[in-house]
Amino acid sequence: MERVNYISCLAEEDAITSISPRLSSGAGIRIFKGKADCYVSTNDLSFKGLKNGLRKGVIHLRFNLTLP
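Mapping of the sequence shown onto UniProt numbering: position 21 corresponds to residue 21, and the numbering continues sequentially without gaps.
If you want it as structure tokens, here you go:
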């Protein structure tokens, strides 16, 4: 899980012309199969979103299992 909060500030000719806050969060899932691995990330932290990320990693590594 990761949460990132930062503010971007743009200044031109000694004057601040833009301030943009950014808030984001997400999760990373790493799956191992033998010596191979796969990393999947998502900003959808719901159960469905995390399950979908896991499903993509499982498909990528060609596991033969089903996820509910």
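Even for Gly, the Cβ is constructed at its ideal location relative to N, Cα and C.
Alpha carbon of GLY57 to alpha carbon of THR42, nearest angstrom: 12 Å
Validate contact between the segment 20–34 and the segment 49–63 using beta carbons, cut 8 Å, 3 pairs: yes
Distance, ARG55 Cα to LYS48 Cα: 10 Å
Distance between ILE16 and SER8 (C-alpha atoms, nearest Å): 11 Å
Distance, PRO21 Cα to VAL40 Cα: 26 Å
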